[in-house]
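The sequence shown: position 90 = 89 (numbering that gives the first Met the number 0), numbered continuously. Report on one structure; see the data block that follows.
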Amino acid sequence: MTTAATVRVMTPEEIAARAGGEMAFLHPPQRGTVFAERAMRLRQLARGHAMWDYLLFMADLAQAQQDRLEGFPSVPLPDGDALDRAAKAGLPPLPAVDWPRDPVWHGVAKVIAADLRGSAPAGAQAALERIARADTVWFERQADGLLTGVMEGLDLATAPVVAAALQVYWTHMVTTLLAQAGARGAPFGRTDDETTCPCCGRRPTASITRSSGESLGQRYLHCSLCGMQWHMVRIKCPSCLSTKSLAYHSLDAAGSSEDGASRAAGAALQAESCDDCSSYLKIMHTDRDPFMEPAADDLASVTLDLLVSEAGFQRHGVNLMLLFGAPEAPSNAPPDAPSP
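Put into structure tokens, the structure is as follows:
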């Protein structure tokens, strides 16, 4: 069951005071470990889990992503003028929907699929074979569906692997731009839409509170595509920015006992819901579990999604390792629309 609890969050003034004016707005993905850490966490979460076989398969996928990221070929990147134009317009410089994708990512998807053939379950072999035989048109149609949220024509069985290659592609571009920044300064900053990633414009998978350094206690949204984390104060709904009707839900393994509300308030993983827009996004507290990884822990807590959805809330986060919905969604769905 879920238990809702009222949890006091800091006001924006308190957050700024604790940060001492030194808090980083962005926490970028670490190129050398980003997917390897996800793979490690997925293997840890798989122990005794009802979805253990899928979690282990996704762990192998994440490790394949790390291997491909390390040797990713050079691709076109926005130059200084393009970065300046994006900054002045308040837009992300690597927009997921509009960025002209280099076809090199097709080959990355095929190599990832080949990496998985030896360990993939029998049910996944046909999907991996479709990726191996896919042409440019198929790859680009699948990418369009994944990056716009339009489910029509999307091959759900192959989607996690195709999405994995796109994640590697965008993570490569983000980390490369950061490494090249030099004296010019950071290539990424605040955009007009604070609910989406300031690098690529995608919605988050989940949010995470940091437990060390200058960001102690601060909440960051974790991008579902490029892995960038950007700060948003915890008093705001990450979907509609309301500050009025937030509540927190967690799985109560012990059932409806007297201390259920206190356990919900102290849970390491919660669903933060908003009555104003009827959406929710999971929030993970690294001071309660330092090993939490947004994409891995979100995937392993799908039971919480089901229960919060039954309470009438719609998922705001996107996890490209597990997509819900039929491929016959209306073709006029809004960009990045949540799957049913």
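For each residue, glycine too, the CB sits at the ideal point set by N, CA and C.
Cutoff 7 angstroms; reference residue i; Cβ partners in own chain excluding five residues on either side
{"i": "residue 180", "result": "186"}
{"i": "residue 59", "result": "115, 118"}
{"i": "residue 176", "result": "76, 186"}
{"i": "residue 204", "result": "221, 223, 293, 294, 297, 316, 317, 318"}
{"i": "residue 231", "result": "193, 218, 220, 237"}
{"i": "residue 61", "result": "34, 37, 38, 41"}
{"i": "residue 99", "result": "none"}
{"i": "residue 163", "result": "60, 64, 111"}
{"i": "residue 366", "result": "This structure gives no information on residue 366, because the portion of the chain shown stretches from 0 to 339."}
Boundaries (first-last residue) of the beta strand (DSSP E) holding residue i
{"i": "residue 105", "result": "Run containing residue 105: none in the beta strand (DSSP E); it sits in the alpha helix (DSSP H), 103-115."}
{"i": "residue 270", "result": "268-273"}
{"i": "residue 246", "result": "245-250"}
{"i": "residue 235", "result": "Where residue 235 is concerned, there is no enclosing beta strand (DSSP E), given that its DSSP letter is neither H nor E."}
{"i": "residue 218", "result": "218-222"}
{"i": "residue 205", "result": "203-208"}
{"i": "residue 280", "result": "278-284"}
Where residue i falls, given that 16 or more other Cβ within 10 Å makes a residue buried
{"i": "residue 296", "result": "buried"}
{"i": "residue 49", "result": "exposed"}
{"i": "residue 311", "result": "exposed"}
{"i": "residue 136", "result": "exposed"}
{"i": "residue 64", "result": "buried"}
{"i": "residue 304", "result": "buried"}
{"i": "residue 28", "result": "buried"}
{"i": "residue 54", "result": "buried"}
{"i": "residue 215", "result": "exposed"}
{"i": "residue 253", "result": "Residue placement at residue 253 cannot be trusted, given a pLDDT of 44 that sits under 50; what the coordinates show is reported in the next sentence. Answer is exposed; the Cβ neighbour count stays below 16."}
{"i": "residue 159", "result": "buried"}
{"i": "residue 266", "result": "buried"}
{"i": "residue 350", "result": "Shown here, the chain extends from 0 to 339; a query on residue 350 therefore has no answer."}
{"i": "residue 123", "result": "buried"}
{"i": "residue 15", "result": "Since pLDDT at residue 15 reaches only 43, below the 50 mark, its modelled position is unreliable, and the value read off the structure follows with that caveat. It is exposed - the Cβ of residue 15 has fewer than 16 other Cβ atoms within 10 Å."}
{"i": "residue 11", "result": "Only weak support exists for where residue 11 lies, its pLDDT of 41 falling under 50; the coordinates are left without a value."}
Identity of the residue in the options nearest residue i by Cα
{"i": "residue 206", "options": "174, 284, 319", "result": "284"}
{"i": "residue 236", "options": "24, 270, 264, 215", "result": "270"}
{"i": "residue 245", "options": "273, 106, 279, 305", "result": "273"}
{"i": "residue 278", "options": "108, 239, 66", "result": "239"}
{"i": "residue 127", "options": "288, 110, 243", "result": "110"}
{"i": "residue 93", "options": "55, 190, 124", "result": "190"}
{"i": "residue 149", "options": "178, 268, 96, 46", "result": "96"}
{"i": "residue 178", "options": "265, 31, 122", "result": "31"}
{"i": "residue 157", "options": "78, 173, 133", "result": "133"}
{"i": "residue 287", "options": "103, 208, 302, 130", "result": "208"}
{"i": "residue 102", "options": "82, 73, 81, 78", "result": "73"}
{"i": "residue 195", "options": "216, 233, 265, 228", "result": "228"}
{"i": "residue 313", "options": "280, 302, 301", "result": "280"}
{"i": "residue 300", "options": "250, 264, 308, 265", "result": "250"}
{"i": "residue 82", "options": "121, 233, 173", "result": "173"}
{"i": "residue 26", "options": "302, 233, 188", "result": "188"}
Delimiting residues of the alpha helix (DSSP H) encompassing residue i
{"i": "residue 37", "result": "33-45"}
{"i": "residue 302", "result": "301-309"}
{"i": "residue 159", "result": "158-179"}
{"i": "residue 135", "result": "135-147"}
{"i": "residue 57", "result": "51-69"}
{"i": "residue 82", "result": "79-88"}
{"i": "residue 124", "result": "121-132"}
Contact set for residue i: own chain, Cβ-Cβ below 8 angstroms, skip 5 residues either direction
{"i": "residue 290", "result": "40, 43"}
{"i": "residue 243", "result": "274, 275"}
{"i": "residue 66", "result": "114"}
{"i": "residue 107", "result": "67, 71, 164, 167, 168"}
{"i": "residue 308", "result": "314"}
{"i": "residue 302", "result": "250"}
Beta-carbon proximity list for residue i, same chain, < 6 angstroms, skipping 5 on both sides
{"i": "residue 91", "result": "190, 197, 198, 199, 200"}
{"i": "residue 282", "result": "206, 269, 271"}
{"i": "residue 241", "result": "273, 275"}
{"i": "residue 57", "result": "41, 320"}
{"i": "residue 146", "result": "95, 96"}
{"i": "residue 71", "result": "171"}
{"i": "residue 24", "result": "230"}
{"i": "residue 45", "result": "51, 54, 55"}
{"i": "residue 336", "result": "For residue 336, the predicted structure reports a pLDDT of 36, less than 50, and the residue's modelled location is therefore unreliable. A value from the coordinates is still provided. Only 148 meet the Cβ criterion."}
{"i": "residue 129", "result": "157"}
{"i": "residue 210", "result": "285, 286"}
Residue i at chain B interface by Cβ criterion, 8 angstroms
{"i": "residue 178", "result": "Absent here is chain B; the protein component of the structure consists of one chain."}
Checklist entry - Do the stretch 129-148 and the stretch 26-46 make contact, defined as three or more Cβ pairs closer than 8 angstroms? => result no
Item to check | Inter-stretch contact (C-beta, 8 angstroms, three-pair minimum) for the stretch 151-161 and the stretch 86-102 | outcome: no
Next on the checklist: I'd like to know if the stretch 215-230 and the stretch 159-174 are in contact, where contact means that at least 3 CB-CB pairs between them fall below 8 angstroms.
Outcome noted: yes
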